[in-house]
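Student: Before I ask anything, let me first share the structure, which is written out below as structure tokens.
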Amino acid sequence: MAVGKEIRTQIGSIKNTQKITSAMEMVAASKMRKAQQRMEATRPYADKMRQVISHLAKAHPEYRHTFMIARDVSRVGYIIISSDRGLCGGLNSNLFRKLVKEMQKQREAGIELDFCTIGSKASAFFKRFGGNVVGNAEHLGDSPRIEDLIGTVKVMLDAYKEGRVDRICIAYNRFVNTMTQEPTIEQLAPIVSGEDEQKRHPWDYIYEPDAKEVLEGLLVRYIESLVYQGVVENAACEQSARMIAMKAATDNAGELIDELQLIYNKARQAAITQEISEIVSGAAAIGG
Amino acid sequence: MAMTIHVDIVSAEGEIFSGLAEMVYAPAVMGEVGIAPRHAPLVTRMKPGEVRVDRGAGKEMLDIFISGGILEVQPDVVTILADTAIRAEDLDEAAALEAKERAEKAMKDRASDFEYAKAKSELAEAMAQLQAIQKIRERTSKH
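Chains as they are written, first to last, in my numbering: chain L, 10 to 297; chain X, 648 to 790.
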């Protein structure tokens, strides 16, 4: 029947889209599980690292590293972690929105900004938005490795050491649970030391070979591990956000199909009714 | 029972070992060190090598290869933060340069996949708009 051919084609095309979105949903769900496991696996290292740093903060080192000394801020470096791919709901745009607000605040205070971007969405954003991007890493894949980040982090750390930036912050999506991802901006350097607790027994480490070299290695690794943790968490966020976005798209497609199906049935029925009435009236005309 | 010390060995990609030991041997940069319980606080860098954990008589000696890292000793706990990446000053330097170049290229290169990504997002937006218009049209034609 010629009736509603357009509607039928449309239903067909929406069904195809629905198949794709539901496949993407399932892929994202299985990747999310893996990403969450990876996130769990990196926790012990980050915890131990934090523990060692907190021990260090309690010690009385005769040498204080530049990363431990706060100075007046005239330029801030941001490390921004985003996803490489889109179709994950408002994940990246929420983060960028928060970032833009913070940037405005800094600009008003006369503070200049540098950026390091991780993930192609962040570099695409700064390309449109404008900003001084000094380092970039992208296409980290599903299992990011710390090797891929060392360079990008070093660009920022060098800038800090040479006094070109006075503070380093990291912006990423923190994984709360599958439904909730929280855009977060944290300070990496100088290291925010915890509460100054009573120091009853002033003690210090034995440093081998010397304090400067050991602390340098330790603090660089500390910051790298925080960035890595951010990347891994962001990856878990990306997958769960995509899963939810794709689930919503699949549901919407289903609704659309139902609606179109109803319209199609109505049109079909109307055509049949019309045909019957034509036949009946034709027969009546002949018979009468 | 002999005195024991708690040992944690972790790398950025996961926990390797956590438990009690009588003695831990680690490849510090200045030479191998043996850590017994109640050792003085110590931090040192490690070079690539073998960490051995002596878990006492009757238990197997644990051998773990690490590619460098940090060793921290507190009187009752030893923490080994193992590297997963091979580190060297000039390797790190090269990685940093690469990151900078990538940034410059990303900001300059207008014809690369950023344009593609932008076009794709615009296409998705247009498609969504079309869909919405169609939906509205169908709703109004129903009545």
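By construction, the Cβ of each residue, glycine as well, lies at the ideal position given by its N, Cα and C atoms.
Taking any Cβ of chain X, which residues in the stretch 55-66 of chain L have a Cβ under 9 Å from it, in chain order?
Tutor: Those would be ALA55, ASP56, LYS57, MET58, GLN60, VAL61, HIS64 and LEU65, in chain order.
Student: Check this for me: beta carbons of SER92 (chain L) and GLU121 (chain L), under 9 Å apart or not?
Tutor: Going by C-beta atoms, SER92 (chain L) is not nearer than 9 Å to GLU121 (chain L).
Student: With DSSP as the reference, label ASN186 (chain L) as helix, strand or coil.
Tutor: It is coil, neither helix nor strand.
Student: Helix, strand or coil for GLN207 (chain L) per DSSP?
Tutor: Reliability of the predicted coordinates at GLN207 (chain L) is poor, the pLDDT of 48 falling under 50, and the value obtained from them is presented with this limitation in mind. It is coil, neither helix nor strand.
Student: Does ILE288 (chain L) pass the burial test, meaning 16 or more other C-beta atoms within 10 Å, or should it be called exposed?
Tutor: With fewer than 16 other Cβ atoms within 10 Å, it is exposed.
Student: Between L:GLN248, L:GLY296, L:ASN261 and L:GLU284, which lies nearest to MET35 (chain L) when the distance is taken from Cα to Cα?
Tutor: Per the Cα distances, L:GLN248.
Student: Counting pairs of Cβ atoms below 8 Å between the stretch 213-220 of chain L and the stretch 678-695 of chain X, do you hit three or more?
Tutor: Touching, yes.
Student: Along chain X, which residues have their Cβ under 7 Å away from the Cβ of LEU227 (chain L)?
Tutor: Chain X residues near LEU227 (chain L): VAL690 and ILE717.
Student: Can you name, in chain order, every residue of its own chain whose Cβ lies under 8 Å from the Cβ of ILE272 (chain L), other than the five neighbours on each side?
Tutor: Cβ neighbours of ILE272 (chain L) beyond the five flanking positions: GLY13 and ILE16.
Student: Grouping DSSP H, G and I as helix and E and B as strand, with all else coil, what is GLY86 (chain L)?
Tutor: Strand, per DSSP.
Student: Looking at the secondary structure, which residues open and close the alpha helix (DSSP H) in which HIS64 (chain L) lies?
Tutor: Segment 14-67, the alpha helix (DSSP H) holding HIS64 (chain L).
Student: When the Cα of LEU744 (chain X) is compared with those of L:ILE88, L:VAL162 and L:TYR237, which residue comes out closest?
Tutor: When each option's Cα is compared against that of LEU744 (chain X), the closest is L:VAL162.
Student: Quick one: list the residues of chain X neighbouring SER234 (chain L), beta-carbon separation under 7 Å, in chain order.
Tutor: Under the 7 Å cutoff, chain X gives ALA659.
Student: Assign GLU748 (chain X) to one of two classes, buried (16 or more other C-beta atoms within 10 Å of its C-beta) or exposed (fewer than that).
Tutor: Exposed is the call here.
Student: Would you call the stretch 38-51 of chain L and the stretch 130-144 of chain L in contact, with 3 or more CB pairs under 8 Å?
Tutor: No: fewer than three Cβ pairs fall under 8 Å.
Student: Measure the C-alpha to C-alpha separation of ASN101 (chain L) and ILE253 (chain L) and round it to an integer number of angstroms.
Tutor: Looking at the two C-alpha atoms, the distance is approximately 14 Å.
Student: Can you name the start and end residues of the beta strand (DSSP E) that VAL680 (chain X) belongs to?
Tutor: Note, VAL680 (chain X): beta strand (DSSP E), 678-682.
Student: Tell me the DSSP secondary structure of LEU728 (chain X) in three-state form.
Tutor: In the structure shown, LEU728 (chain X) sits in a strand (DSSP, three-state: E or B).
Student: Which residue marks the beginning of the beta strand (DSSP E) containing ALA146 (chain L), and which one marks its end?
Tutor: It spans 142-146 - the beta strand (DSSP E) in which ALA146 (chain L) sits, taken as one unbroken run.
Student: At least one CB of chain X closer than 9 Å to the CB of GLN207 (chain L): is that the case?
Tutor: Low per-residue confidence applies at GLN207 (chain L): pLDDT is 48, beneath 50, and the placement is therefore not dependable, though the value from the model is reported in the following sentence. Not closer than 9 Å to any Cβ of chain X, the Cβ of GLN207 (chain L) fails to qualify, so no.
Student: Express the C-alpha separation of ASN182 (chain L) and GLY99 (chain L) in angstroms, rounding to a whole number.
Tutor: If you take the alpha carbons of GLY99 (chain L) and ASN182 (chain L), they lie about 11 Å apart.
Student: For GLN207 (chain L), count neighbouring C-beta atoms within 10 Å of its own C-beta (all shown protein chains included) and say buried if the count is 16 or more, exposed if not.
Tutor: The predicted position of GLN207 (chain L) is uncertain, since its pLDDT is 48 and thus under 50; a value taken from the coordinates is nonetheless stated next. Label assigned to GLN207 (chain L): exposed.
Student: Since THR135 (chain L) is in the alpha helix (DSSP H), which residue starts that stretch and which ends it?
Tutor: Note on residue identity: the sequence assigns Phe, not Thr, to residue 135 (chain L). Unbroken alpha helix (DSSP H) run through PHE135 (chain L): 129-138.
Student: Can you list, in chain order, the residues of its chain with a C-beta nearer than 6 Å to that of ILE682 (chain X)? Leave out the 5 residues immediately preceding and following it.
Tutor: Same-chain partners within the cutoff: VAL671, VAL720 and VAL725.
Student: First and last residue of the beta strand (DSSP E) that includes SER658 (chain X)?
Tutor: Note, SER658 (chain X): beta strand (DSSP E), 652-658.
Student: Taking the Cβ atom as the reference point for each residue, do ASP723 (chain X) and HIS653 (chain X) lie within a distance shorter than 9 Å?
Tutor: Closer than 9 Å, so yes.
Student: Could you tell me which of L:GLY150, L:LEU224, L:GLY226 and L:SER31 sits nearest to ALA245 (chain L), measuring between CA atoms?
Tutor: Nearest of L:GLY150, L:LEU224, L:GLY226 and L:SER31 to ALA245 (chain L), Cα basis: L:GLY150.
Student: Using 9 Å as the limit for Cβ to Cβ distance, is SER129 (chain L) near chain X?
Tutor: Closer than 9 Å to some Cβ of chain X, the Cβ of SER129 (chain L) qualifies, so yes.
Student: Listed from N- to C-terminal order along the chain, which residues in the stretch 139-164 of chain L have their beta-carbon within a distance smaller than 8 Å of any beta-carbon of chain X?
Tutor: Cβ contacts with chain X come from VAL142, VAL143, GLY144, ASN145, ALA146, GLU147, ARG154, ILE155, GLU156, ILE159, GLY160, THR161, LYS163 and VAL164.
Student: Mind listing which residues of the stretch 103-136 of chain L have their C-beta closer than 9 Å to chain X's C-betas, in chain order?
Tutor: Those residues of the stretch 103-136 of chain L that come within reach of chain X (Cβ to Cβ, closer than 9 Å) are PHE124, CYS125, THR126, SER129, LYS130, SER132, ALA133, PHE135 and LYS136.
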